[in-house]
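Residue 413 is where the sequence shown starts when you use the working numbering, and the numbers rise one by one after that. Glycine is no exception: its CB is placed at the ideal position from the N, C-alpha and C atoms.
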Amino acid sequence: MTEAELGALVDAMSLEEQISLLSGIDFWSTAPIERLGIGSLRVTDGPNGARGGGSLVGGVKSAAFPVGIALGATWNTELANEIGAAIAEETRAKGAHMLLGPTVNTHRSVTNGRNFECYSEDPILSAKLATAYIRGMQAKGVAATIKHFVANDSEVERTTMSSEVDERTLREVYLVPFEASVKQAGTWGVMSAYNKVNGSFASENEWLLTKVLREDWGYDGIVMSDWFGSHSTAETVNAGLDLEMPGPTRDRGDKLVAAVEAGDVSRDMIRTRALNMVRLMDRAGALRDMSERVETELNTPEHRALIRRAGAEAAVLLKNDDSILPLHRTAIGTIAVIGPNAKTAQIMGGGSAQLNPYYRVSPYDGLVSQIDAEHLRYAEGCSNARFLPLYRGMLKMEWFDNQTFAGEPVFTETQEDGEAIFLGELAGGKVDPEKYSLRLSGSFMPEASGTYRLGLAATGLARAFVDGELVANAHDGWTAGHTFFEEGCDEVIGEIALEAGRQYEITVEIVSKPSRNLGLSAMRIGITLPLGDAAIAEAVDAARNSDIALVFVGRTGEWDTEGSDLEQIDLPDRQNELVAAVAAVNPRTVVVLQTGGPVEMPWIDDVSAVIEAWYPGQEAGNAVADVLFGVAEPGGRLPQSFPAKWQDNPAHTQDPAIYPGFEGKVRYEEGVFIGYRHYDRAGIQPLFPFGHGLGYTSFEITALAPHAPALDASGGVGVDVEIANTGNREGATVVQLYVRDSEASVARPEKELKAFAKLRLGPGEKRRVTLTLTGRDFAFFDVDSKNWRVEAGRFELLCGFSATDIRTRAEVDANSDLKLPV
């Protein structure tokens, strides 16, 4: 429809109908207006797949794509575009018009629990990947929702914390990916962050939502709240928040009608918000969509192949002494396959990005698909779980519409496995989400005798029993912890002696309690017989008697998760001990990491090779095996600096007001000096620098030539770079162009990434590429004039293969000062 037609449609609505568009009717949808033939806009969580309307741990199955940091590691905008388009197809299959992604918050700290979901510590890399992803998605008619706007860079008290950030830092770092997504990709959706920004909730921050987003950038899409992230009525509407989610509304509806009648919100403001909504619905095909929501499974071979290819391209080869990789099938010998992530497929992080995948391929499965299993010797070695291993089995769930288990259950259903997260309606709508009791019952038969540990976490008051004996008590003295987005308690663990082969009855009783903020109910039951010294000894024996040892260690989605930051960056449990013990008996040890960010590596000098494989989606094991055997190039380059130790990170400090926050505020005192900018300024050598990554061939930069000795009238210049593959096999590399302003009147980073290109070249092949720099690439934000400013003087261009591997340099001049618009 034309803009005039959309305006006429809004004008045909009553005030109440216009307001009905400005909040959800349920957890995922807006209200239709049947009188005018207006349908319901339906959204689904992302960004590494489209989950649909199911639980975070169930529902209709979906394709699990590589997580954000893995996509960031590809440095491949064409691939990001392909993935955006594929996830759009998954979104349509889930009956939705809009995906809640991509996530482009910045890696400020190495301990942010949600780093896995974001692309990079560098705003330019994030911006280029985000714009490509959004273009691919919206070309398919599915709306993207870039999130979380802005400075939601920690999970500690994220729904109340105020990020105290100066305007220059916001403009030069944290806003950059959002700005590019608006101006270059034309995103149709923006999600406001939970946190406050300089004292005002992001959802009602007029400077962000109106001044920056709409006036400075010319945005014409919608701004929606994060779920339960709206805190007011008139304030959010006047500030620029179009849509409150989820429904039923807490802050709008009759409250907003009353605010208009009281003169707190103008009718023109309501019309503007409603027009933004119908414009989005028209773009995304929702405006006249009156169909029922039907969720289906695609599971196409094209998506499977794309996920496998992307997973391999995301893998970063950090170290490869004596070219131990790739492995050669014809001389393979015996391989020890060791570690907690060897037979468990770690495919995604935790939180709202979770989905129910079509399948999971473990590294062990991937190896077996390429070589005969008789070559492999497996040993788990140790655990890396944050919580006890999940109870596996069917559970009967009996819901009571009271908090005392009185009378007969009003609703009975079954639950597969011991974790559930309930969003919206409970028990078919037969219980009040804040006034219910729930009894779960199932059975457990141990395979071995011993003292088992039983763990329980819940958003309500909970107890776990084995054959009627109370084992884990998360009822008495319940305290909010770090589970379920900080709505649940920390895991409570009890012990009980069990006999092998005997069947035990497990019962869990939960009594609801009021939600802190997010309006969800959840529980998790874990049970295990702990591993001990014998498991590490078994792994050492396997390594000693094998030709090569592959050690699969890292974290899981329990550690890398929304709602909880890490407390440090050591490998969890006894994994460092395991790696060191294996390396001590087998010098041909290869470590494959799966994490959502950096880890400390005290064993780095003792192993031959290290691969960072991230969480690469449902094809994880196949992608890893492809890289190990050279079927695919390890195409990744680090999108985040890996410090030698957590204390080297720019946000690490003894002052909690700088991280993770103190008395409701977190001060971004490092300013623009995050990531590699910090390591440059502080003179700290990272363990592995931003942009680092090895391949199975070698490259050289043979020429760097600016098109002119000085910037043009707009402040830009083209730069030619010539690259040669000097090795004996085809491979890929990422050429990175940084800019240095050594004569600035303000403190500027030693260098800043401004352009890059990913190239695949055959052996001996040379290629010339042109990297285009604009005036913004030489500018800083001048807070006094409120413009981007390029100062007259000399700039240095640094070209290389990482932030510390600069191979060649050139200079260009700015002959006069330039002021560029915001």
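Original post:
Should the segment 990–999 be called in touch with the segment 1015–1028, which here means at least 3 C-beta pairs below 8 Å?
Top reply: yes
**OP:** Leaving out five residues on either side along the sequence, give the residues of the same chain with a beta carbon under 7 Å from the beta carbon of glycine 1076.
**Re:** Within the sequence shown, numbered from 1, the residue matching residue 1076 stands at position 664. Excluding sequence neighbours, glycine 1076 sits near Thr572, Met573, Ser574.
Original post:
Helix or strand or just coil, what does DSSP make of tyrosine 1150?
Top reply: Numbered from its first residue, the sequence shown carries residue 1150 at position 738. Reduced to three states, the DSSP call for tyrosine 1150 is strand.
**OP:** Taking 7 Å as the cut-off, decide whether the C-beta atoms of alanine 726 and proline 478 are in contact.
**Re:** On the sequence shown, residue 726 is found 314 positions in, with the first residue counted as 1. On the sequence shown, residue 478 is found 66 positions in, with the first residue counted as 1. In contact: alanine 726 and proline 478 (Cβ atoms closer than 7 Å).
Original post:
Is the beta carbon of asparagine 753 less than 7 Å from the beta carbon of aspartate 985?
Top reply: Looking up residue 753 in the sequence shown gives position 341. Looking up residue 985 in the sequence shown gives position 573. Contact: no.
Original post:
Just the Cα atoms here: how many angstroms apart are proline 589 and tyrosine 1071?
Top reply: Counting from 1 along the sequence shown, the entry for residue 589 is found at position 177. Counting from 1 along the sequence shown, the entry for residue 1071 is found at position 659. Roughly 23 Å between the two C-alpha positions.
Original post:
Is the segment 1216–1230 in contact with the segment 1165–1179, if contact means three or more CB pairs nearer than 8 Å?
Top reply: no
Subject >> Burial state of lysine 608 (16 or more Cβ within 10 Å) >> reply: The sequence position of residue 608 within the sequence shown is 196, counting from 1. The residue is buried, with at least 16 neighbouring Cβ atoms inside 10 Å.
**OP:** Mind checking which residues open and close the beta strand (DSSP E) that includes glycine 1048?
**Re:** Looking up residue 1048 in the sequence shown gives position 636. Counting along the chain, glycine 1048 falls outside any beta strand (DSSP E), and DSSP gives it neither H nor E.
Original post:
If you drop the 5 nearest sequence neighbours on each side, which residues of the same chain put their C-beta closer than 6 Å to that of arginine 1089?
Top reply: As a first step, residue 1089 must be located in the sequence shown, where it is residue number 677. Cβ neighbours of arginine 1089 beyond the five flanking positions: Pro1161.
**OP:** Return the CA-CA distance between isoleucine 1086 and lysine 1163, expressed in angstroms with no decimal places.
**Re:** If you number the sequence shown from 1, residue 1086 lands on position 674. If you number the sequence shown from 1, residue 1163 lands on position 751. Cα to Cα, the separation comes out at about 12 Å.
Original post:
Which residues in the same chain as valine 822 place their Cβ atom closer than 8 Å to its Cβ, once the five residues preceding and following it in sequence are excluded?
Top reply: Looking up residue 822 in the sequence shown gives position 410. Only Trp811, Phe812, Asp813, Ala839, Lys842, Val843 meet the Cβ criterion.
Subject >> Given 8 Å, three or more beta-carbon pairs between the segment 867–878 and the segment 927–938 >> reply: yes
Original post:
Can you tell me whether valine 1195 is buried or exposed, with buried defined as 16 or more other CB within 10 angstroms of its CB?
Top reply: Counting from 1 along the sequence shown, the entry for residue 1195 is found at position 783. It counts as exposed.
Subject >> 7 Å Cβ cutoff met for glycine 513 and proline 459 >> reply: As a first step, residue 513 must be located in the sequence shown, where it is residue number 101. As a first step, residue 459 must be located in the sequence shown, where it is residue number 47. Their beta carbons are under 7 Å apart, which means glycine 513 touches proline 459 by this criterion.
Subject >> Three-state secondary structure assigned by DSSP to tryptophan 1058 >> reply: Numbered from 1 along the sequence shown, position 646 holds the residue referred to as residue 1058. Here tryptophan 1058 sits in helix by DSSP.
Original post:
If you check the beta carbons only, do glycine 471 and asparagine 768 fall under 7 Å apart?
Top reply: Within the sequence shown, numbered from 1, the residue matching residue 471 stands at position 59. Within the sequence shown, numbered from 1, the residue matching residue 768 stands at position 356. Contact flag set, yes.
Original post:
Just how far apart, CA to CA, sit glycine 633 and valine 1084?
Top reply: Numbered from its first residue, the sequence shown carries residue 633 at position 221. Numbered from its first residue, the sequence shown carries residue 1084 at position 672. Distance between the alpha carbons of glycine 633 and valine 1084: 29 Å.
Original post:
By DSSP, does serine 1246 sit in helix, in strand, or in coil?
Top reply: In this structure the chain extends from 413 to 1234, so residue 1246 is not present and cannot be described.
Original post:
Taking the beta strand (DSSP E) that asparagine 493 falls in, what are its first and last residues?
Top reply: Residue 493 sits at position 81 when you count from the first residue of the sequence shown. It is not in any beta strand (DSSP E) - asparagine 493 instead sits in the alpha helix (DSSP H) that spans 489–505.
Subject >> valine 568 in three-state terms, based on DSSP >> reply: The count along the sequence shown starts at 1 and reaches residue 568 at position 156. Valine 568 falls in the coil class under three-state DSSP.
**OP:** Less than 8 Å between the CB atoms is what I'm expecting for aspartate 959 and isoleucine 747, so what's the real figure, rounded?
**Re:** In the sequence shown, counting from the first residue as 1, residue 959 sits at position 547. In the sequence shown, counting from the first residue as 1, residue 747 sits at position 335. Yes, aspartate 959 and isoleucine 747 are in contact; Cβ-Cβ is about 7 Å, under 8 Å.
Subject >> Top-ranked residue by Cα proximity to tyrosine 790, from Ala1191, Pro801, Val963 >> reply: What you label residue 790 is simply residue 378 of the sequence shown in a count that begins at 1. Residue Val963 is the option with its Cα nearest to tyrosine 790.
Original post:
How should glycine 913 be labelled, buried or exposed, when 16 other C-beta atoms within 10 angstroms of its C-beta is the threshold for buried?
Top reply: Counting from 1 along the sequence shown, the entry for residue 913 is found at position 501. When all chains shown are included, glycine 913 counts as exposed.
Original post:
Looking at the unbroken beta strand (DSSP E) that takes in methionine 806, where does it start and where does it end?
Top reply: Stepping through the sequence shown from its first residue, residue 806 is reached at position 394. Element bounds for methionine 806: 806–812.
**OP:** Return the CA-CA distance between glycine 465 and tryptophan 440, expressed in angstroms with no decimal places.
**Re:** Here the question's residue 465 lines up with position 53 in the sequence shown. Here the question's residue 440 lines up with position 28 in the sequence shown. So the alpha carbons of these two residues sit roughly 7 Å apart.
Original post:
So, do the segment 546–560 and the segment 492–499 have three or more beta carbon pairs nearer to each other than 8 Å?
Top reply: yes
Original post:
Rounded to whole angstroms, how far is the Cβ of glycine 1107 from the Cβ of threonine 1138, which I believe are closer than 8 Å?
Top reply: Residue mapping note: residue 1107 aligns to position 695 of the sequence shown, counting from 1. Residue mapping note: residue 1138 aligns to position 726 of the sequence shown, counting from 1. That pair is no contact at about 12 Å.
Original post:
How long is the line joining the alpha carbons of valine 878 and alanine 892, rounded to whole angstroms?
Top reply: As a working mapping, residue 878 is identified with position 466 in the sequence shown. As a working mapping, residue 892 is identified with position 480 in the sequence shown. Their Cα atoms are separated by approximately 25 Å.
Subject >> For aspartate 733, the nearest candidate out of Arg875, Thr1007, Ile1023 (CA to CA) >> reply: Along the sequence shown, one-based indexing puts residue 733 at 321. When each option's Cα is compared against that of aspartate 733, the closest is Ile1023.
Original post:
Quick check: the segment 591–600 against the segment 1090–1106, are there 3 or more CB pairs under 8 Å?
Top reply: no
Original post:
Is aspartate 534 buried or exposed, if buried means 16 or more other CB atoms sit within 10 Å of its CB?
Top reply: Translated into positions along the sequence shown, residue 534 becomes position 122. Buried is the call here.
Original post:
So leucine 1040 is in the beta strand (DSSP E); what residue range does that whole segment cover?
Top reply: In the sequence shown, the residue the question calls residue 1040 occupies position 628. Unbroken run through leucine 1040 is the alpha helix (DSSP H), 1032–1040; no beta strand (DSSP E).
Original post:
Can you give the Cα-Cα distance for glutamate 1142 and leucine 687, rounded to whole angstroms?
Top reply: Mapped onto the sequence shown, residue 1142 falls at position 730. Mapped onto the sequence shown, residue 687 falls at position 275. If I take the Cα positions, the gap works out to 52 Å.
Original post:
With a Cβ-Cβ cutoff of 7 Å, do aspartate 462 and leucine 710 count as a contact?
Top reply: On the sequence shown, position 50 is the one that residue 462 refers to. On the sequence shown, position 298 is the one that residue 710 refers to. Here the sequence assigns alanine to residue 462, which means aspartate is not the residue at that position. The answer is no: Cβ separation not under 7 Å.
Original post:
If you drop the 5 nearest sequence neighbours on each side, which residues of the same chain put their C-beta closer than 7 Å to that of arginine 626?
Top reply: In the sequence shown, the residue the question calls residue 626 occupies position 214. Contacts found: Gly652.
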